[in-house]
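Mapping of the sequence shown onto mature numbering (1 follows the signal peptide of the UniProt record, and there is no 0): residues -20 to -1, 1 to 110, in sequence order.
Glycine residues also receive a C-beta, built at the ideal position from the N, C-alpha and C atoms.
For reference, the structure discussed in these notes is given below.
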Amino acid sequence: MKLLSTLLTAILVAIPAVSAAHTCHCGDTSYDNNEIVGAINEGYSKNNSPTKFSGGYPHKFGNTENLSFEDCMEGTLVEYPLKTKTPWKGGSRPGADRVVYLLGEDKTFCGCMTHTGAKHNKFVECEKSS
């Protein structure tokens, strides 16, 4: 039993996760912590080091809109589509909403953003709470 406990502890330490509970409200759509964490983990599993602005996801987010992700003032921002219920897996349109996190194993949640209400295919920040 002690071996099992030690093994489980080692596994949990080896898999970084988003640390706090979060919610985002993007227009008429709300996302809970499971949906946000699921999207970050899905993006990280697809590419844990996206360093280019590419058409695929996840990809680097240049923040030309100057959105104020207060918890992420330094580092490389990454964006990934945000969907309700299950993470976006590709093969369909990504929709308007995105989760933003910092590049790196810590998977630091920065916030959510949406094309909804933004001009010229730019983004605006979604309301978030922690």
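Between Val104 and Thr94 the beta-carbon gap is near 6 Å, inside 8 Å, which marks them as a contact. Under the DSSP definition of a beta bridge, His5 partners with Ser10 and Glu107. Residue Val58 holds the alpha-carbon nearest to the alpha-carbon of Pro30 among Val58, Leu47 and Ile20.
For Tyr24, the secondary structure class from DSSP, reduced to helix, strand or coil, is helix.
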